[in-house]
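Below: one structure, written as structure tokens.
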Amino acid sequence: MSDHQLEFVQLLTSHQGRLYAYVISMLGNPDQARDVMQETNAVLWQKSDDFQSGTNFAAWMMQTAYYQVMAHRQKMNRERLVFDDAMTAELAEAAAQRNDLMEQRHAKLQDCLAKLSDTHRDLIRARYQDGFELAVIAQTMNRKTNAIKQALFRARAALIDCVKLNSDDALTGGSS
Numbered sequence: 211m212s213d214h215q216l217e218f219v220q221l222l223t224s225h226q227g228r229l230y231a232y233v234i235s236m237l238g239n240p241d242q243a244r245d246v247m248q249e250t251n252a253v254l255w256q257k258s259d260d261f262q263s264g265t266n267f268a269a270w271m272m273q274t275a276y277y278q279v280m281a282h283r284q285k286m287n288r289e290r291l292v293f294d295d296a297m298t299a300e301l302a303e304a305a306a307q308r309n310d311l312m313e314q315r316h317a318k319l320q321d322c323l324a325k326l327s328d329t330h331r332d333l334i335r336a337r338y339q340d341g342f343e344l345a346v347i348a349q350t351m352n353r354k355t356n357a358i359k360q361a362l363f364r365a366r367a368a369l370i371d372c373v374k375l376n377s378d379d380a381l382t383g384g385s386s
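Take 211 as the starting number for the sequence shown in the numbering used here and just add one per residue.
Below is the structure:
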């Protein structure tokens, strides 16, 4: 597998959740969304040589998905009543805006996580990313469960303050 193909597969794999959210927001039916996702993935794979490294993969993927949804709708239109083209375009725009907002929120959260102390960041990751119980974290760190609970409370509070501060800066035009 070439470097280009490997990069393409990694990008395609990492964007599957976003693709599903986009497609289901336009179709509203999980079964149809999965079918359109499969069709979209097949088209993306067929056109993988057209993708240029360094360009916006998500935008290219969403545009392809949009056309696949439209084709699916035309097919379904012959069978029964579905949303019209204008409604689908509105849903697609709304889904794209939600995806952009989620990406911005995720970026803010990542920035704030990076600003936490190593200990607080490790606690947040152990609890929420790895899913460890407080007692397991306490045992691993040779600390009491209540001490971990308090440290985790402080870490969450610092994270919340940071996210709020960044949101306030964005609203007032300040820099974060």
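Even glycine gets a Cβ: it sits at the ideal position worked out from N, Cα and C. Quick caveat: nothing in here was measured; it's all calculated off a predicted structure.
Counting only runs that start and end inside the stretch 288-361, the alpha helix (DSSP H) elements of at least 4 residues fall at 295-325, 328-334, 344-350. When DSSP states are grouped into helix, strand and coil, GLN226 belongs to the helix group. With respect to the 8 Å criterion, ASN287 and TYR232 are not classified as neighbours on the basis of their beta carbons. Inter-residue distance for LEU362 and ILE334 is about 7 Å (C-alpha atoms, whole angstroms).
With fewer than 16 other beta carbons inside 10 angstroms of its own, LYS374 counts as exposed. Bounds of any alpha helix (DSSP H) do not take in ASN239, whose DSSP letter is neither H nor E.
Around MET247, the same chain offers LEU229, TYR230, VAL233 as residues with beta carbons nearer than 7 Å, after the five sequence neighbours per side are excluded. The beta-carbon distance between THR355 and ALA365, rounded to whole angstroms, is 15 Å. This is too long to meet the 8 Å contact definition. Here ARG331 has LEU323 as same chain residues with Cβ atoms under 7 Å from its own Cβ, once five neighbours each way along the sequence are excluded. Taking a cut-off of 8 Å on C-beta distances, the stretch 246-262 does not touch the stretch 295-304, as fewer than three cross pairs fall below it. Contact between LEU216 and ASN251 is absent: CB atoms are separated by about 16 Å, not below the 8 Å threshold. Pairing ALA317 with SER212, the inter-Cα distance amounts to about 30 Å. Excluding sequence positions up to five before and after HIS225, its CB lies within less than 7 Å of the CB of PHE267, ALA268, MET271, all in the same chain and listed in chain order.
It is roughly 9 Å from the alpha-carbon of LEU319 to the alpha-carbon of ASN376. For LYS285, the closest C-alpha among the options ILE358, GLN307, ASP245 is that of ASP245.
Contact annotation: ALA368 and LEU326 have beta-carbon atoms nearer than 8 Å. Within a 10 Å sphere around the beta-carbon of TYR276 sit 16 or more other beta-carbons, which makes this residue buried.
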